[in-house]
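The next block holds one structure in the form of structure tokens; read it before the comments.
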Amino acid sequence: MFNLILFGPPGSGKGTQSEKLVEKYEFVHLSTGNLLRQEIADKTPLGLEAKSFMDKGQLVPDEVVIGMVDSYFDLHKDARGFLFDGYPRTVAQAEALDKLLKLKKTEINTVLALEVSEEELVSRLLNRGKTSGRSDDTNEEVIRKRFAVYNNETTPVADYYKKINKFESIKGEGSIDSIFSRICDALDKRMKK
Ligand code: AP5
């Protein structure tokens, strides 16, 4: 099993690149943002709880997200590998993921981080907000809050994986195809190791 984390701030292109990576490498795509939005659409108790945090640009509590990931993992026992998109976002989530993968006798093989300037990120998200229907994209204040949360709570996750030499930065600006080809180059090298 080969497991990849696609890392990066809101709007860095994780979802866009994940779709292409899933098609090429047949990963199971685990996006906690998508799973949470599905819970909201289904009006489940978990979704109702999550919505109040997401609308404000805050993280959903660790225990809620970790439980959701564990259940999703169990639904895909035959996966050849997972692509984690938007997870882990806190050190507690990274530790929980390590524990889960160890139980399944596998591990994170690499973390690829998309690097994009904040100016470009804001412009991408406001632009998407015009059509996506995502309430966290339409208000610039909420977008800035998401960046602050990323800087305070999620960047320590990068250090967590840097310490074990699994972290690699990828230039996340330019055309979608050129970024995809940089990701594939990095991934292919890691897969050969
Ligand atoms: P989540 O859904 O994960 O959102 P996010 O991390 O804020 O990321 P986005 O989906 O906004 O951006 P992306 O990096 O996927 O970029 P995309 O490809 O879409 O999380 C939403 C919320 O859920 C969180 O705020 C939190 O509340 C909660 N949550 C989720 N996971 C959680 C967790 N683990 N723990 C706790 N809470 C959690 O691209 C963005 C836009 O840019 C698109 O319009 C795209 O078309 C465009 N674009 C992409 N690439 C390019 C390019 N190269 N050039 C120009 N435009 C581009």
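Here the working numbering is used: the first residue of the sequence shown is 106, the next is one more, and so on. Beta carbons: idealized from backbone N, C-alpha and C, even for Gly.
Residue i classed as buried or exposed, judged by whether at least 16 other C-beta atoms fall within 10 angstroms
{"i": "G162", "result": "buried"}
{"i": "N256", "result": "exposed"}
{"i": "G113", "result": "buried"}
{"i": "L208", "result": "exposed"}
{"i": "L180", "result": "exposed"}
{"i": "Y238", "result": "Residue 238 is actually Gly in this sequence, not Tyr. With fewer than 16 other Cβ atoms within 10 Å, it is exposed."}
{"i": "S286", "result": "exposed"}
{"i": "D147", "result": "exposed"}
{"i": "I281", "result": "exposed"}
{"i": "T137", "result": "buried"}
{"i": "D241", "result": "buried"}
{"i": "I288", "result": "buried"}
{"i": "K119", "result": "buried"}
{"i": "I269", "result": "exposed"}
{"i": "T215", "result": "buried"}
{"i": "N157", "result": "Asn is not the amino acid found at residue 157; the sequence shown has Ser there. With fewer than 16 other Cβ atoms within 10 Å, it is exposed."}
{"i": "S123", "result": "buried"}
Close-in-space but distant-in-sequence residues of the same chain around residue i (CB under 8 Å, 5 per side omitted)
{"i": "K250", "result": "K161, G162 and Q163"}
{"i": "E258", "result": "L164, R194 and T195"}
{"i": "E144", "result": "L151, G152, A155 and M173"}
Beta-carbon contacts of residue i that lie in its chain and below 6 Å, excluding the five residues immediately before and after
{"i": "F189", "result": "I110 and L135"}
{"i": "P166", "result": "none"}
{"i": "L202", "result": "P193"}
{"i": "G186", "result": "M106, F107, N108 and F132"}
{"i": "L206", "result": "E212"}
Cβ-based neighbour list, residue i, same chain, cut-off 7 Å, excluding 5 preceding and 5 following
{"i": "R229", "result": "G116"}
{"i": "P261", "result": "V196"}
{"i": "Q198", "result": "D167, V170, I171 and Y192"}
{"i": "M296", "result": "F107"}
{"i": "A253", "result": "none"}
{"i": "L140", "result": "M173 and Y177"}
Opposing strand residues paired with residue i [DSSP bridges]
{"i": "I275", "result": "L219"}
{"i": "V127", "result": "According to DSSP, which records beta bridges pairwise, V127 is partnered with nothing at all."}
{"i": "V133", "result": "F187"}
{"i": "R111", "result": "As written in the sequence, residue 111 is Leu, which differs from the Arg given in the question. D190 and L217, per the DSSP bridge assignment."}
Distance cut-off 7 Å: residue i Cβ against heavy atoms of the ligand FMN
{"i": "F158", "result": "As presented, the structure is devoid of the ligand FMN, carrying the ligand AP5 as its sole ligands."}
Within-8 Å CB hit, residue i to chain D
{"i": "G118", "result": "Annotation note: the requested chain D is absent from the structure, which comprises a single protein chain."}
Are the region 266-278 and the region 209-223 in contact at 8 Å, needing three or more beta carbon pairs?
Taking a cut-off of 8 Å on C-beta distances, the region 266-278 touches the region 209-223, as three or more cross pairs fall below it.
Quick one: complete beta strand (DSSP E) runs, 3+ long, within the region 209-267?
At a cut-off of 3 residues, the continuous stretches assigned as beta strand (DSSP E) that sit fully inside the region 209-267 are 215-220.
Quick check on the DSSP output: what are the complete alpha helix (DSSP H) runs of length 4 or more inside the region 144-191, in order along the chain?
If one requires a minimum length of 4 residues, the alpha helix (DSSP H) runs lying completely within the region 144-191 are 150-159 and 167-180, in chain order.
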